[in-house]
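Step one of this worksheet: look at the structure below.
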Amino acid sequence: MIDIPGPTLGAEDRERLLHPTVGGVILFARNCVSHSQVRELCDEIHALRQPALLVAIDQEGGRVQRLRDGVTRFPPQASLGLVADREGLDRARTLAEIWGELLGYELRQLGIDIDFTPCIDLASGVSAVIGDRALHSDPHIVGELASHLWQGMDRQGLTGVAKHFPGHGGVAADSHHELPIDPRPPEALASDLRPFRRLVAAGIPAIMPAHVRYSAVDEAPAGYSSYWLRAVLRGDLGFTGVIVSDDLSMAGALAVGAISERVDTALAAGCEMLLICNDAATANQAMQHCLTCALPASRLGVLRGQEGQLDPERYATYRAEIDKLRERSSKPL
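Numbering follows full-length UniProt numbering, in which position 248 of the sequence shown is assigned residue number 248; successive positions increment by one, without gaps.
As structure tokens, then:
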């Protein structure tokens with residue numbers, strides 16, 4: 001899965017997207033100028049080939065919202081955790097499902113297949129890059145809210161991706177800029193795994209591993225670790241969905257060497273779709289290195305968006321609920 005430089009497709013973009021190893025496109029803010037433009041861009045991407053390329057985005061809420069024109073402005077996911085603390089878990093579950101359904105409806109109306117959310121890292125107070133993207137510090141609450149958020153997304157046909165397995169919340173370093181090392185022993189990491197167990201049990205279709213090294217468990221970062229991806233995620237947790245790597249051009253992904261080595265190591269560890277963003281030259285090298293598609297069309301189908309429906313009255317009600325949540329979350333305790 002690769003990115004494109006602007007809000008429209010040029011001849012070079014089309015040529016790259018027709019490469020047989022490319023399965024999808026991730027959109028960034030630079031690709032999202034207006035609501036109608038994004039709809040046209042998604043339509044054009046989908047029309048390039050059959051089976052159609054997937055279109056993905058990071059639209060979590062709060063500071064991680066690539067698309068802003070003509071859609072709901074969601075507060076940070078931490079606002080749902082605050083509702084759980086103030087008004088009870090049942091109310092927070094209801095709002096999480098409304099959130100997911102509204103998000104799913106709006107993105108599917110644009111033609112977006114995948115949203116790289118929910119973020120189910122624990123709020124430990126350690127990680128600034130996670131921060132208010134985390135739902136809560138309690139793994140049970142995180143699992144409950146995330147599963148209801150995803151169920152709402154799924155009801156509208158939007159594919160969710162739980163991240164960052166097995167948990168990014170316990171490290172201060174930002175994997176965009178360096179490789180974080182989490183020295184905690186396995187028994188301490190068990191809490192971070194609990195939300196992933198809950199999401200796997202709920203049927204989440206895709207999971208993204210972290211570019212974090214859990215040094216007391218395995219020297220390889222999770223996205224390059226067959227122990228984490230095959231023994232724990234597939235074996236222990238019983239996950240049967242698609243494993244999507246985090247961006248292989250990030251600094252935290254550089255530990256194993258050149259892009260060809262990163263690709264080979266990630267695939268060997270168990271990743272099925274590789275995300276390579278914001279570095280066209282590196283993405284092109286990876287495309288040439290991969291002689292065949294790693295992910296068969298049948299597996300791509302697991303990630304493809306489906307049709308959803310939300311009547312105007314319910315849409316207005318849901319949007320009003322999220323608007324109120326955003327207003328409350330912006331006020332001090």
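C-beta atoms are modelled at their ideal positions from N, C-alpha and C, and glycine is treated no differently. Predicted model only: the values in this text are computed from it and were never measured.
Residue ranges of each alpha helix (DSSP H) run of no fewer than 4 residues wholly in the segment 95–159, ordered along the chain? As far as the segment 95–159 is concerned, its whole alpha helix (DSSP H) runs of at least 4 residues are 139–155.
What would DSSP say about Ile-259, mapped onto helix, strand or coil? As a working note, residue 259 is residue 259 in the sequence shown. The three-state secondary structure of Ile-259, taken from DSSP, is helix.
Is the distance from the Cβ of Pro-75 to the Cβ of Gly-88 below 9 angstroms? Against the sequence shown, residue 75 aligns to sequence position 75. Against the sequence shown, residue 88 aligns to sequence position 88. Contact annotation: Pro-75 and Gly-88 have beta-carbon atoms that are not nearer than 9 angstroms.
Between the segment 179–188 and the segment 137–154, are three or more C-beta pairs nearer than 8 angstroms? At 8 angstroms Cβ cutoff, the stretches do not touch.
What number of angstroms, rounded off, separates the C-alpha of Gly-203 from the C-alpha of Glu-144? Within the sequence shown, numbered from 1, the residue matching residue 203 stands at position 203. Within the sequence shown, numbered from 1, the residue matching residue 144 stands at position 144. C-alpha separation (whole angstroms): 13 angstroms.
Close beta carbons around Arg-108, own chain, < 6 angstroms, minus the five adjacent residues each side: Locating residue 108 in the sequence shown gives position 108, where the first residue counts as 1. Excluding residues within five positions, the ones whose Cβ falls inside 6 angstroms are Gln-156, Gly-157, Leu-158, Gly-305, Gly-308.
With a threshold of 16 other CB atoms inside 10 Å of the CB of Glu-219, please say whether the residue is buried or exposed. Walking along the sequence shown from the start, residue 219 turns up at place 219. Glu-219 should be labelled exposed.
Val-242 in three-state terms, based on DSSP: Here the question's residue 242 lines up with position 242 in the sequence shown. In the three-state reduction of the DSSP assignment, Val-242 falls in the strand class, which pools E and B.
What is the DSSP secondary structure of Arg-66, reduced to helix, strand or coil? On the sequence shown, position 66 is the one that residue 66 refers to. Of the three classes helix, strand and coil, the one that applies to Arg-66 here is coil, per DSSP.
Measuring straight from C-alpha to C-alpha, what distance separates Ala-162 and Ile-120? Position 162 of the sequence shown, counted from the first residue, corresponds to residue 162. Position 120 of the sequence shown, counted from the first residue, corresponds to residue 120. When rounded, the distance between both Cα atoms is 6 angstroms.
Quick check: Val-129 and Asp-174, are their CB atoms within less than 9 angstroms of each other? Within the sequence shown, numbered from 1, the residue matching residue 129 stands at position 129. Within the sequence shown, numbered from 1, the residue matching residue 174 stands at position 174. Going by C-beta atoms, Val-129 is nearer than 9 angstroms to Asp-174.
Rounding to the nearest angstrom, what Cα-Cα distance links Ser-249 and Glu-313 in this structure? Against the sequence shown, residue 249 aligns to sequence position 249. Against the sequence shown, residue 313 aligns to sequence position 313. Between Ser-249 and Glu-313, the alpha-carbon positions lie close to 43 angstroms from each other.
Whether or not the segment 275–293 and the segment 221–229 are in contact is what I'm after, with contact meaning three or more pairs of Cβ atoms, one per stretch, closer than 8 angstroms; do they touch? The segment 221–229, when compared against the segment 275–293, does not touch it at the 8 angstroms Cβ threshold.
So, is Ser-245 buried or exposed, given that buried needs 16 or more other C-beta atoms within 10 angstroms? To locate residue 245, count along the sequence shown from 1; it is residue 245. Burial of Ser-245 is indicated by the presence of at least 16 other C-beta atoms within 10 angstroms of its C-beta.
Is Thr-240 buried or exposed, if buried means 16 or more other CB atoms sit within 10 Å of its CB? Position 240 of the sequence shown, counted from the start, is the residue given in the question as residue 240. Exposed is the call here.
Residues bridged to Pro-209 (per DSSP): Taking the sequence shown and counting its residues from 1, one reaches residue 209 at position 209. Paired residues: Phe-165.
Taking Cβ to Cβ, would you say Gly-170 is nearer than 9 angstroms to Ser-127? Taking the sequence shown and counting its residues from 1, the one referred to as residue 170 is at position 170. Taking the sequence shown and counting its residues from 1, the one referred to as residue 127 is at position 127. Contact flag set, yes.
Identify the residues that DSSP records as bridge partners of Tyr-214: which are they? Stepping through the sequence shown from its first residue, residue 214 is reached at position 214. Tyr-214 is bridged to Asp-182.
7 angstroms Cβ shell around Leu-333 - same chain, five flanking residues per side excluded: For the purposes of this step, residue 333 is identified with residue 333 of the sequence shown, where counting begins at 1. At Leu-333 the pLDDT is 46, less than 50, meaning the model places this residue with poor confidence and gives no usable figure here.
According to DSSP, is Met-250 part of a helix, a strand, or is it coil? Working through the sequence shown from its first residue, we reach residue 250 at position 250. DSSP places Met-250 in coil when its eight states are reduced to three.
Run through the DSSP bridge pairs and tell me what Ala-56 is partnered with. What you label residue 56 is simply residue 56 of the sequence shown in a count that begins at 1. Note: Ala-56 sits in a beta bridge opposite Ile-26, Ile-114.
Could you check if Ser-298 is buried or exposed, using at least 16 other CB atoms within 10 Å of its CB as the buried criterion? Position 298 of the sequence shown, counting from 1, holds the residue named residue 298. Under this definition Ser-298 is an exposed residue.
Does the beta-carbon of Gln-151 have 16 or more other beta-carbons within 10 angstroms, so that it is buried, or is it exposed? Counted from its first residue, the sequence shown places residue 151 at position 151. Classified as buried, Gln-151 has 16 or more neighbouring CB atoms from the shown chains inside 10 Å of its CB.
Among residues of its own chain, excluding the 5 on either side of Gln-59, which ones have a beta-carbon nearer than 7 angstroms to its beta-carbon? As a working mapping, residue 59 is identified with position 59 in the sequence shown. Gln-65, Arg-66, Leu-67, Leu-103, Leu-107, Asp-115, Thr-117, listed in sequence order.
Where does Leu-333 fall in DSSP's three states? Taking the first residue of the sequence shown as position 1, residue 333 is located at position 333. Note on Leu-333: pLDDT 46, under 50, position unreliable in the model; no value is reported.
For Arg-91 and Leu-325, I'd like the C-alpha separation in whole angstroms. Taking the sequence shown and counting its residues from 1, the one referred to as residue 91 is at position 91. Taking the sequence shown and counting its residues from 1, the one referred to as residue 325 is at position 325. In a straight line, the C-alpha of Arg-91 is about 12 angstroms away from that of Leu-325.
Given this structure, state the Cα-to-Cα distance separating Ala-123 from Leu-95, to the nearest angstrom. Here the question's residue 123 lines up with position 123 in the sequence shown. Here the question's residue 95 lines up with position 95 in the sequence shown. Distance between the alpha carbons of Ala-123 and Leu-95 is about 19 angstroms.
Environment of Asp-154 [buried if 16+ CB atoms lie within 10 Å]: Taking the first residue of the sequence shown as 1, we reach residue 154 at position 154. So Asp-154 ends up on the buried side.
Return helix, strand or coil for Gly-203, following the three-state DSSP convention. For the purposes of this step, residue 203 is identified with residue 203 of the sequence shown, where counting begins at 1. Coil at Gly-203, not helix or strand.
Could you give the distance in angstroms between the alpha-carbon of Glu-321 and the alpha-carbon of Ala-216? Here residue 321 corresponds to residue number 321 of the sequence shown, with the count starting at 1. Here residue 216 corresponds to residue number 216 of the sequence shown, with the count starting at 1. Answer to the nearest angstrom: the Cα atoms are 44 angstroms apart.
Between which two residues does the alpha helix (DSSP H) harbouring Glu-40 extend? Position 40 of the sequence shown, counted from the start, is the residue given in the question as residue 40. Element bounds for Glu-40: 35–47.
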